[in-house]
Structure formats: structure tokens, C-alpha cells
Amino acid sequence: MIKLSSAFKGKVCGLCGNYDGAIRNDFTTRSNEIVVNPTVFGNSWKLSSTCPDVNITQNPCALYSHRRAWSEKHCNIIKSEVFSACVEPNQYYDACVADTCSCNAGGDCECFCSAVGAYAAACIEAGACVRWRTPTIC
1 MIKLSSAFKG KVCGLCGNYD GAIRNDFTTR SNEIVVNPTV FGNSWKLSST
51 CPDVNITQNP CALYSHRRAW SEKHCNIIKS EVFSACVEPN QYYDACVADT
101 CSCNAGGDCE CFCSAVGAYA AACIEAGACV RWRTPTIC
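Next comes the structure, spelled out in C-alpha cells:
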């Protein structure tokens, strides 16, 4: 974990974000563009132009097709009534499905819970209070 003094809030940038408390702009590239794709984000912060770009990996649900149905079913909570007063869900749903498909074991809840938690954090930042955790969900 990297810890930084609050004196640096909003005064830094890079792979760890800009430390302004806003989750939605943490994937800001070196050229000050907000992106969703982590590979594009990471490649933008290379120190040397001689370093090769990381290749965009294949969709994890295509690689692990047996995990797709479980991932889509569980990530649908993002599009459900629970999050109805929240920010636009599509990019978070897509990220949830991809993250959940890429977990080491099909049905691995850690990736699913982290993805839904990220969406809930974006909702809270936008002023929407969501209560999504239950005894059976994360």
C-alpha cells in the first residue's frame, strides 16, 4: 500500500490516481484523458517510449466461457432496482462480468464483490445511498 500525506491531495497523478477523492477520474492518462480500459491507462504511463505496450488481452469470458453465465447472473445486481438511483451502470456491469469471468475459479465471489463495491462507491460519490450487501451477497 502506498500512503501519501494529505498535503499532496490533488497535486499528484499517475498509476495510483490523482488523490482528489473522486473515483471516477482515477484512470486519467498521461495526456489527461479519462479512460475505462486499464490496459490503455497503464500504457499511457510508461516511462520510456522504447518500452512496448502491453497487449490488450482477450475478453476473459471468451477465454473462460464456462464462467460467463454465473458472472452475468450475479453482476445483474448492478442493473437491478437496488441501484436504481445510481450512476449509469453499463460500464460497471461490463467490468463486473469481465472481472468475475477472470477469477481463478468459476463462481469466485472476491472479484464479483470488488466489482459491485466499486459501482456502489461511484454511486455514493454521486450522492446515491445504496444498501446492496446482504447475508447472501458479499
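Residue numbering for the sequence shown follows UniProt numbering, starting at 1 and increasing by one per position. Think of the CB as a built atom: it goes at the ideal place given N, C-alpha and C, for glycine as much as any other residue.
Coarse secondary structure for Ile2, derived from DSSP in three states: In the structure shown, Ile2 sits in coil (DSSP, three-state: anything other than H, G, I, E or B).
Which of helix, strand or coil DSSP assigns to Ile34: Strand at Ile34.
Between the CA atoms of Asn37 and Ser5 - distance to the nearest angstrom: Rounded to whole angstroms, Ser5 to Asn37 spans 28 Å at the Cα level.
Uninterrupted alpha helix (DSSP H) stretches inside the stretch 89-116 (no shorter than 4 residues): 90-101
Validate contact between the stretch 2-18 and the stretch 52-68 using beta carbons, cut 8 Å, 3 pairs: By the Cβ criterion, the stretch 2-18 is not in contact with the stretch 52-68, since fewer than three pairs of Cβ atoms, one from each stretch, lie closer than 8 Å.
Enclosing alpha helix (DSSP H) for Lys73 [first to last residue]: 68-75
Closest Cα partner of Trp45 within the set Phe27, Gln58, Ile56: Phe27
Boundaries of the alpha helix (DSSP H) in which Pro60 is found, first to last residue: Segment 60-63, the alpha helix (DSSP H) holding Pro60.
Alpha-carbon spacing of Arg68 relative to Cys113, whole angstroms: 16 Å
8 Å contact criterion, which Thr100 and Ser71 should meet: CB distance rounded: 4 Å
C-alpha distance - Gln91 paired with Ile56, whole-angstrom precision: 17 Å
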